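Counting from 2, one number per residue, gives the positions in the sequence shown under our numbering.
Ideal Cβ placement from N, Cα and C applies to all residues, glycine included.
Given the structure is predicted, the values throughout are model-derived calculations rather than measurements.
Worksheet: the structure to be examined is printed underneath.
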Amino acid sequence: MSRRPMRVRAVAVVIYDDETLLVESTHSPGSWVPPGGRVESREALQEAAVREVAEETGVQVETAGMIAYRELWWGEEDLLEFYFAARPIGESAGWAGSGPEGRPAKWVRLEDLDSLQCYPLALHALCRLAQEALEGSELVAWHMGTEEVRE
Numbered sequence: 002m003s004r005r006p007m008r009v010r011a012v013a014v015v016i017y018d019d020e021t022l023l024v025e026s027t028h029s030p031g032s033w034v035p036p037g038g039r040v041e042s043r044e045a046l047q048e049a050a051v052r053e054v055a056e057e058t059g060v061q062v063e064t065a066g067m068i069a070y071r072e073l074w075w076g077e078e079d080l081l082e083f084y085f086a087a088r089p090i091g092e093s094a095g096w097a098g099s100g101p102e103g104r105p106a107k108w109v110r111l112e113d114l115d116s117l118q119c120y121p122l123a124l125h126a127l128c129r130l131a132q133e134a135l136e137g138s139e140l141v142a143w144h145m146g147t148e149e150v151r152e
């Protein structure tokens, strides 16, 4: 059996005042995803999530722990994604613009998520878990399952 490369991603589900921070998807233009990306060599997962939010949106965040993970078989590589609850800190609370990567970013009311094309499909559940984690609930990481995604 041939081995496929495994990429590790860290994703932040950022919650502020019943809103979540989303960026436009690079894989599916016109759809929205939580900010996140590749974990660099010798980088801690939570540090990667914080860095990715800043790079993609310009918003500074702190994390409250891991809320979920999932495995994806995507095209020519496999992905392992780790999702973290996060909140904005400092003056970036409630603000979203374009970070150094230049991707569109915006705050979306949780009740309005259904009006947008958002991924992952479990985004509502992830937002609920993030809210609970940020309120101090005990964290138990949710395995979102394994998906095969075709390009």
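According to the DSSP assignment, Thr64 belongs to no alpha helix (DSSP H) but to the beta strand (DSSP E) extending over 62-75.
Annotated three-state conformation of His125 is helix, per DSSP. Within the same chain, Met67, Ile68, Ala69, Tyr70 come within 7 Å of Ala142 by CB-CB distance, once the 5 residues on both sides are set aside. Per DSSP, Arg52 is one residue of the alpha helix (DSSP H) stretching across 46-58. For Val40, there is no enclosing beta strand (DSSP E), as DSSP marks it with neither H nor E.
Ranked by Cα distance from Tyr17, the first of Gln61, Met7, Glu78 is Gln61. Annotated three-state conformation of Asp79 is strand, per DSSP. Secondary structure of Glu133 (DSSP, three-state): helix. Distance from the CA of Leu135 to the CA of Glu77, rounded to the nearest whole angstrom, comes to 36 Å. Judged by pairs of C-beta atoms under 8 Å, the segment 122-134 does not touch the segment 38-55, as fewer than three such pairs exist. The continuous beta strand (DSSP E) containing Glu25 extends over residues 20-25. If the five residues before and after Met7 are omitted, its C-beta is found closer than 8 Å to the C-beta atoms of Glu78, Asp79, Leu80, Leu81, all from its own chain and listed in chain order. Nearest to Ile90 by alpha-carbon distance, out of Thr64, Leu117, Pro105, is Thr64. Secondary structure note for Ala106: its beta strand (DSSP E) is the uninterrupted segment 106-110. A residue is called buried once 16 or more other Cβ atoms fall within 10 Å of its Cβ, and Glu20 is buried on that count.
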